[in-house]
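> Submitted below is the structure of interest, expressed as structure tokens.
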Amino acid sequence: VEGMFVYDDCGDIGGGNGGKDKEDGKDGEGAGAKHVEIDLITAGVWVPIVTALMTDPAIKMAIFSPGIANIFQQNYIVLDAFLADLAMTLLSTTGTTPISTSVSVSEGTDRDLDDNDVRSHGNVNGSGSGSGNGTTAIGDINMDDDFLALAQLYYQPDIDERHIQAVQTRIYCHPMTLDYSKKWNLPIYYQLRFGEICARLEKAIKGVQIDGWDADVYTGPEALKSTLKDKYAFELPFFMELFDSLTWMWRKDVFLKPLTHRFLRGTVQLLGRVIAFVKSGLEGEIKFGIMDDHEEEDGDKDDNYDDNFGNGNDNGNDSDNRMMGGSPSRIGGSATRSRVMDTSYKWCDRIEDVAAVSWELTVLADYIVTDHIPTVVEVVCPSGVPVSDA
């Protein structure tokens, strides 16, 4: 019960007479007096809800478990929006009609009814006397005398934006809200998302190392592929994959606002990985293509078989010769030959690859400055939303 009340110094909250009484010097309203408010929104609505969310094992497992990232993100978005709009939803008077004794009679004339009208007229429609059952007919509506008599007693609070903001602040400052925030394993969620996008990028890098810059490593929507070519002038599938990876991190079904700093860091890390990959290739530290090492059978040993191999006189050099690219070895009466198919190359030696990558990097830099940064800003702080609410 104690949690239902909020104590403030007298005179801090408008609407009370504490400040006036203090000036007048009345007893009991001095400097030590307290103004008491009943906090129904926080203690009567939010606390019971959040208690159920955090104590019920089934609900807690279904909502706060980050095992399935998509469901976890949806749960957080819905509950965060509910919490942010709780005070506004319960206290907003927009669209409500205050109780009043001003009614419209059936003849189309409007008049205000007072207590004398209610007692002296049995039927406001002009039909003469009342029905005698304690009910007054007003137009097409039957209203009890008691209802009209008590209408003036209904309390209509004078609520403005300042009061709503004060209630919302008390909700956020409540200890239960802090415990509720700790239940969300947001760092785990980010690690799941970042690991997913890193695996996607590493797979693309591996594909490019094997098949070259023209490798079809793009896994995004096909409709986006044509847009990337026409609007941004991307040509290589690898950089299209990078583009889709960067935009994926800031999608509404992936991004979470409390993790903004982590997603920004992740974006920089993805770009850093690609830049390091390109730089290593330009410096000749990595090769593209493959080195295929396989063995071929030469069939049974014939008369032309080199007796220096396969007998006891090879002095252990059989394995060395086989490793050097083609010396035969006798295994169970058959000869095998190991061949190495080296198709690797340094892409920095190919002028067409250097030109293509240079163009893609230029397009990527232009996209980052002109499109990606404004997109991130719009996601973090949508236009039309005050900075304090974003």
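Going left to right, the sequence shown walks through residues -1 to 388 as my numbering numbers them.
Even glycine gets a Cβ: it sits at the ideal position worked out from N, Cα and C.
Quick one: Cα of phenylalanine 80 to Cα of glutamine 267, how far?
33 Å
> Aspartate 212 to proline 235, Cα distance in whole Å?
Between aspartate 212 and proline 235, the C-alpha separation is close to 7 Å.
> Ignore the nearest five residues each way along the sequence and tell me which others in isoleucine 203's own chain have a CB closer than 7 Å to its CB.
Phe275
> Following the continuous alpha helix (DSSP H) through alanine 41, name the residue where it begins and the one where it ends.
Element bounds for alanine 41: n/a, residue is neither H nor E.
> Name, in chain order, the residues that DSSP records as bridge partners for tyrosine 343.
Phe286
> Pull up the distance between the alpha-carbon of alanine 197 and that of isoleucine 157, whole angstroms please.
53 Å
> Select from Glu281, Gly193, Thr167 and Val48 the residue whose C-alpha is nearest the C-alpha of methionine 86.
Thr167
> Just mark arginine 191 as buried or exposed, buried being the case when its beta carbon has 16 or more other beta carbons within 10 Å.
Arginine 191 should be labelled buried.
> Please name the residue in Lys181, Leu151 and Lys344 whose C-alpha comes closest to that of aspartate 209.
Cα-wise, what sits closest to aspartate 209 is Lys344.
> For a test of the three-state rule: what should DSSP assign to tryptophan 357, helix, strand or coil?
Three-state DSSP puts tryptophan 357 in a helix.
> Pop quiz: methionine 247 and isoleucine 195 are said to be a contact at Cβ under 8 Å. What is the actual Cβ separation, rounded to whole angstroms?
6 Å
> Name the residue from Ile69, Asp177 and Leu148 whose alpha carbon lies nearest to the alpha carbon of aspartate 49.
It is worth fixing the name first, because residue 49 is threonine in this sequence and not aspartate. Per the Cα distances, Asp177.
> Inspect the CB distances between the segment 213 to 231 and the segment 252 to 262 and report whether three or more fall short of 8 Å.
no
> Nearest to methionine 238 by alpha carbon, out of Thr258, Val215 and Gly193?
Val215
> Helix or strand or just coil, what does DSSP make of glutamate 233?
coil
> Starting from the C-beta of valine 165, find all residues in its chain whose C-beta is less than 6 Å away, skip the five residues before and the five after it, and write them out in chain order.
Ile39 and Ala85
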